[in-house]
Each structure stands twice: as structure tokens, then as C-alpha cells.
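See structure below.
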Amino acid sequence: MLEIKNLHASINGKEILKGVNLTIQAGEIHAIMGPNGAGKSTLAWVLSGNPAVEVTHGEINFNGKNLLEMSPEDRSREGIFLSFQYPVEIPGVSMVNFMRTAVNEQRKYKNLEPLSAADFLRLMREKKELVEMDNKLTSRSVNEGFSGGEKKRNEIFQMAMLEPKLAILDETDSGLDIDALRIVANGVNKLKRPDNAALVITHYQRLLDYIIPDFVHVFYDGRIVKTGDKNLALELEEKGYDWIKKEVETPIEQ
Amino acid sequence: MEQQYIDFYKEYHTLIKQHSAALMNNFRDAAFEKFERLGFPTSKLENYKYTDMSAPLSIEYGLNINRLQFQINPYDVFKCDVPAIHSYLFFVLNDTFYPVNSTAKQHLPEGVIIESLRTAAETYPQLVEKYLGKLSNEKDDGWIAFNETFAQDGFFMYIPKNVQLSKPVQLINIMRSDVDFMANSHNLIILEEGAKAQLLVCDHTMDHVHFFANRLTEVFAGKNSVYEHYKLENTNVLNTNVSNLLIHQEDSSNVLTNVISLHNGVTRNNIEMLIDGENCESLLCGMVIGDKNQDVDNFTEIVHKKPNSQSRELFKYVLDDTSKGAFAGKIQVAKNAQKTSSFQTNKNILLSKTAKMRTKPQLEIYADDVKCSHGATIGQLDEAAKFYMQSRGISESEARLLLMFAFTADVMDNIRINALKDRMKLLVEKRLRGELSRCEGCMIC
């Protein structure tokens, strides 16, 4: 589904990603863990097409297409979804209007008719239940005045509405209490299908108690330095990141 | 530029007076002398720094001082195709109030007078005399003096004590001429104690000649009255509009003014809200969508003369191409106007590098127990919000549109007539999409 080869990227001229290689197949859940500043979010931004990040080298193939040539909206329409670490508030744009525009633009891309108002509202209602989202929230402006937890829940709600092929969850667990974490994780698990995949970026292991990854990658200094199964996450939780740093920084020839 | 009008007045003042009302003529010569002294305001004056009228004033306009009637019936020409807004509908053609037909007049509550100012001044001289010119005569403004020199007629609305209109009154100013034309009209609106009215003024042009409209409107909001004044300008690039809206508020009155410019040429709106009572509420809003060479200058003044009143001001501009916008927000709180609260916001988005915005908040506070604030910003569309929307599959152009629309939403929300709000939102959306045509008829009704 996704193949990243030797990806280098920089922000404001500073190189952040220094040769990322990652392959994700349909049906898999990958977790990326790593210390602050390792470049985890930058990878998420590159995948979603954030113009703040400049790709200097490498390639990304998504379902046979060159992702790097696509606009952010086309990546979304092709099935990439980023759950933002810091969801953006958009005062004056109602959730309903925002979601209806998004859903219908996605449908247009697939040569489908726009959803009728009734069908759209039915879909909203169904997906809201999935993340136990308050009705009041969808009648407000996008993320405006939402608490941290509500914003994250709203991200998963949008993901449920758009049914992406590859969901990237960037620190979706940060700022969540344990109940909200359970609800968010539950939403993600319910959306899991054999034909889609998820990339979970997280700082802590606790989200991975709920969303069980098939692979755990450790990100350090702009690269994946170690890959393992879910037990790697437990090991990191126990030992911290220092041993990884030491391992990486020890010159190979010694 | 002034000289031709000065000579014109000297030659034709008898004729001008003959086709107007005695009450309007009472201050005409004094106004003329004032105009002779002041001339047209130029950009050399601080308050007119950003309004350059030299180009529109270099055009020779015709004036209809003989009050010739036109041959069209606006009630036939302007059919309402969106019946959502039920209104009492009236027209001013150029500067002449169109005789009210029976259907428009019917259903007006007893005692309400909606008439041409000239007729009202002749029919109800005591009532009109009490108010006419009481705000404008005091002003030392060249445009007002010019208006008072040449205006022969206008729109008159009187709402008696405790009468509340259940439907809005809609006044459509139509400019129609085969040659370049100037219209001067003086409007007078009176709400007695406890009265309630909503007025929607639409400016339209029918022909592709140069028009110059100079409108003076005086509003008197009595004790406990509620008045809403909406102005929509949807004209074209050949149109120049100078408007002076002077509002006087008495105790516990509530006045909302919302001035929306969608298409225009050069527009200068002077709006003054004089809060001359306690416990008043005043809300002054406006927005501008400009592109091409559009030029809009809103010069506003809120004067708190008495204690315990609240005012709020909100203006938003979205400017593209080489359009120009200016906003001045003067708030004056007199020494005894304690416990005043007054908040002003002006936010602007520039969509191109060549669009220009000038904003000037100006607070003059002489009282010491007040809450006042102001804020002005000029910026671009929020890139983070745009990317967030794109990341959900919304195209860049649609995301821009949603953001621009959202930016104007709080001005739209200050339209208290729901049907008008919905209609206005639609017009703004069409305008932002570039689909709204310039003045092919009445867009609201």
C-alpha cells in the first residue's frame, strides 16, 4: 500500500528526515515511537502534503501512485488521512458544512453523486455514535472551543466519515484521559478492515494497549533505527529511549 | 471642481427651491454658503485622507432639478422572485421618491407615515420641522453641505409611539439615466418612544453611465425604540457613492447598523451614532468584499454623551486585486459618560499583494470609569486552516472560499431578519465565488 524509500525532508532549510524507509501493507497497523524532536510528526506532514515541509530526496509510492506529486486534497481523496496532533480551529465554518464539503468533494473525485442532506445527516449520526461524540459539537464551528479530548475525538469522527485507506494518527493519545483514550482507540479498532492500514505515531506505550500494532518502529534523528513487534514498545516503556540512542550513536566499526 | 456647482446654484437656486419643500429650503442658502467655504472634501483633510474623489468629480453629471418623473414603474420592473422576505417595498428613483402604490401602502399600521420627504414636509410640517436638519445642520462637512444645497427630496419614515412594524421596510435606490447623472437625496427617519422598525436600503444601478449618489440620512431613535438599518450596496465600477448616516439615540434605545458593500466603484460611508441617552445599545457592523479597482472607505464615529450605554463595532474587509479599503473607527466617550462600554474590532484579509487596506482606530475617552477596547488586524487567509481542510479532501479553492465566508460570518450573524440573513449569506457566497453579477436587478427581493 505505502512504500517510502530513502526519504529526506527539511523544514526552513533544516534537515529533519534523514533517510526514512518504511513499507506498509493493507491490513497492518504500524506504530512509530521515538523521543521528542526525532521527526515523527514531520513524517506525518510529508505524507499528508503539508507545504511547510520540503522533500529533498526520496520517493513515496501509495497504491501505485507517486504521492509526492499529489496535492494535499488529492492525497486525502486517494485515501490518506492524518489525525492532527494539534487539530486546527476554524471559527465560522460549521462542522456540518465542513464535513459535507469534504465528503462530497471526495465523492466527486470518485465520480459519485453528492450525498443528499438526509443521507449525509444519517451518516453523521452513525459515525458520531462510533466515537461517542456529543451532538452539540457537530453544531459548532470546526474545533472552536473544543477541549483537547474533544478535538481528538473529532479527528477520529472525521476519519470515520471519510473511511481512509491509510490512517495516520499523530500523537492522538496526547492530552487524553483514560476514558477518552479508550473511546478513541475503540473508534480506530472498529474502523479497522483487512483493506486498510494505520500508522500510529505515539510517545507512550499506553495507546498500544488498546491498538495492537503489528510492527513497532523506533524513530531517532530522522530515521527508523529499530523495528520489532509489539514487545518492542513494552521494552521502550520500561527502559526509555536512552539505550536506543546509545546503540545508534555507537560507531558501527567498533 | 466646486465652481461649476457654485455657479449652477447661483443661477438656478430659485428653480431648485421651487421644486422642493419650504422646510428643506430653510437651510439651503446657509448650506450653500457652507459649501462655498468648505468645498468638496479632498484627501488633504485628515478625515478624508483615503477617499480620493477627484476622478469621479471630474465627470460632468446631469442634475434633475426640474424633478422630471421617469417613465418606468419600479413596482413592475422589480418583481420579487424570492418571496421569503416580506417587506413594505418602496423606491427612490435617482433622487425622487416613487409615488407609493396602493398595494405597498396597505397594511402599514395606523399612524405610520412612509412618504417622499418633500410631501411629508408639506403635509406634516410641524413633525418634520422638529427633526429635519437637526443633526446634519450642525456638521461642518462639505458633502453634507453640498447635499443640503442640492437635495430637493428624499425618503421619509415616521413610526409613532409604541408602534412596532412586523415586517421590514425595504427601500431600493435605483439609478437610471442615459447620461452621467448625480443624485442628492435627504432621508429622514423618526421612531417615537417605544417604536420598532427595520429598514433595508439597497443601492442599485440600471445603466452603464457614471452615477454619483450623495445620500444624507438622519435617524432619530426615541426612548426605548428599536431600530435596525441595513444597507446593501451592489452597484458597479462606474458608481460613486457618498453617504452620510447620522443616528441620534435617546434613553434605552437599541440601534443596529449593518453596512455591506459587495460591488461598487468608489464609496465613502460616514456613519455617526450619537448616543444621547442612558442604557442604550448600539451595534455598528459592516463588511466589504472588494476586487478589481473597488474602493470603499467606511468612516465611523460613535459618540457616548451619556452614561451607562454599550456600543460594539465590527467591520470586516476581504480585498483582492487592486481594490482599496479604509476604515476609521472613532469612539468618543464624554466626561460624564461613566460606565460606558465600547468595543471595536476591524479585521481585514488581503488576498493579493496589490490590494490595500488602511485602518485607524481612534478612541477619545474623557470619562474615567469605562470599559473600552479596540483591535485591528490585516492579514492573509489562515494557511493552517486551509491545509487542515485540504487534508480532508477539500480543494484549495473551496477551502479559501469557506475561510473567506467564515471570516464574514459574524457580520452576517448581526442581521436580525432571518430571511435576509439567509439571502445575504447566499449573495456573499456567490460574490466570493465570482458568480454574483453586478446589479442586474434587485438581488434581495
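Residue numbers (this note's numbering), protein chains in the order written: chain A, 943 to 1196; chain B, 9 to 453.
We treat Cβ as the ideally placed atom computed from N, Cα and C, and that holds for glycine.
Computed from a predicted structure; not experimentally measured.
Just to confirm, are residue i and residue j a CB contact at a threshold of 9 Å?
i	j	result
GLU280/B	ASN252/B	yes
ILE339/B	ILE310/B	yes
VAL177/B	LEU207/B	yes
GLY1155/A	ILE971/A	According to the sequence displayed, residue 1155/A carries Pro and not Gly. Contact flag set, yes.
ASP1110/A	LEU989/A	The residue asked about is misnamed: residue 1110/A is Ile in this sequence, not Asp. Yes; because the gap between Cβ atoms is below 9 Å, this pair is in contact.
GLU1031/A	ALA393/B	yes
ALA221/B	SER185/B	no
SER174/B	ALA203/B	no
VAL120/B	MET165/B	yes
ILE402/B	GLU1047/A	yes
PRO117/B	LEU101/B	no
MET1101/A	VAL1130/A	yes
ALA159/B	LEU97/B	no
LEU322/B	THR353/B	yes
ALA1140/A	ILE1153/A	yes
ASN272/B	PRO315/B	no
MET1075/A	PHE1040/A	no
LEU282/B	GLN257/B	yes
ASP305/B	ASN262/B	no
VAL227/B	HIS237/B	yes
SER1116/A	HIS1145/A	yes
SER1036/A	VAL1084/A	yes
TYR13/B	THR157/B	yes
LEU1150/A	ALA973/A	yes
Between which two residues does the beta strand (DSSP E) carrying residue i extend?
i	result
HIS237/B	234 to 242
ILE1032/A	1032 to 1036
PHE1004/A	995 to 1004
ASP1112/A	1108 to 1112
ASN266/B	262 to 271
ALA128/B	Premise fails: ALA128/B lies in the alpha helix (DSSP H), 125 to 131, not in any beta strand (DSSP E).
ALA334/B	332 to 341
TYR396/B	Looking at the DSSP string, TYR396/B is not in any beta strand (DSSP E); the run it does join, the alpha helix (DSSP H), is 391 to 398.
LYS379/B	379 to 387
ALA205/B	204 to 213
ASP430/B	Looking at the DSSP string, ASP430/B is not in any beta strand (DSSP E); the run it does join, the alpha helix (DSSP H), is 426 to 441.
ARG45/B	That residue, ARG45/B, is in no beta strand (DSSP E); its alpha helix (DSSP H) goes 36 to 46.
So residue i and residue j are supposed to be a Cβ contact under 8 Å. How far apart are they, rounded?
i	j	result
PRO993/A	PHE395/B	7 Å
LEU2/B	ASN195/B	Any question about residue 2/B goes unanswered here, given that chain B covers just 9 to 453.
LEU2/B	GLY150/B	The structure shown has nothing for residue 2/B, since chain B only spans 9 to 453.
LEU1072/A	LYS1132/A	6 Å
THR1114/A	SER1025/A	5 Å
VAL1045/A	LEU1063/A	Between LEU1063/A and VAL1045/A the Cβ distance is about 11 Å, and since that is not below 8 Å, they are no contact.
LEU358/B	GLN388/B	6 Å
SER51/B	ASP60/B	5 Å
HIS312/B	SER350/B	7 Å
ASP303/B	LYS324/B	That pair is no contact at about 17 Å.
Note the first and the last residue of the continuous alpha helix (DSSP H) segment covering residue i.
i	result
VAL187/B	Counting along the chain, VAL187/B falls outside any alpha helix (DSSP H), and DSSP gives it neither H nor E.
ASN1211/A	Within the shown structure, residues of chain A are numbered from 943 to 1196, placing residue 1211/A beyond reach of any answer.
ALA1059/A	1059 to 1072
ARG1135/A	Unbroken run through ARG1135/A: none, as it is neither H nor E.
ILE152/B	150 to 158
GLY1091/A	1090 to 1104
GLU1020/A	1014 to 1020
ILE373/B	It is not in any alpha helix (DSSP H) - ILE373/B instead sits in the beta strand (DSSP E) that spans 364 to 373.
VAL1190/A	1184 to 1191
DSSP has residue i in a bridge; who is on the other side?
i	result
TYR96/B	VAL177/B
ILE1120/A	Bridge partners of ILE1120/A: none, in fact.
VAL326/B	ILE297/B, ILE357/B
VAL227/B	ILE197/B, ILE255/B
GLY1170/A	VAL1158/A
HIS972/A	LEU1141/A, PHE1157/A
VAL962/A	LEU949/A
GLN352/B	GLU321/B, HIS382/B
LYS1007/A	PHE1004/A
For this session: Closer than 7 Å, Cβ to Cβ, to anything on chain B: give me those residues from the segment 1131 to 1153 of chain A, in chain order.
Result: none
Exercise. Between the segment 340 to 357 of chain B and chain A, which residues of the former have a C-beta closer than 8 Å to a C-beta of the latter?
Worked result: none
Exercise. Any residues in the segment 998 to 1013 of chain A with a beta carbon nearer than 8 Å to a beta carbon of chain B? Which ones, in chain order?
Worked result: SER1013
Problem set entry | Within 8 Å of chain B by C-beta, residues of the segment 968 to 992 of chain A in sequence order | SER990, GLY991, ASN992
For this session: Scan the segment 1095 to 1115 of chain A for residues whose Cβ lies nearer than 8 Å to a Cβ of chain B and list them as they occur along the chain.
Result: GLN1100, LEU1104
Exercise. Using a beta-carbon distance cut-off of less than 7 Å, what residues from the segment 310 to 323 of chain B approach chain A?
Worked result: none
For this session: Pull out every residue of the segment 399 to 417 of chain B whose Cβ sits closer than 9 Å to any Cβ of chain A, in chain order.
Result: SER399, ARG400, GLY401, ILE402, SER403, GLU404, GLU406, ALA407, LEU410, LEU411, PHE413, ALA414, PHE415, THR416, ALA417
Exercise. Which residues, taken in chain order from the segment 1062 to 1076 of chain A, show a beta carbon closer than 7 Å to some beta carbon of chain B?
Worked result: none
Problem set entry | Near-chain B residues of the segment 1046 to 1058 of chain A - C-beta to any C-beta below 8 Å | GLU1047, GLN1048, TYR1051
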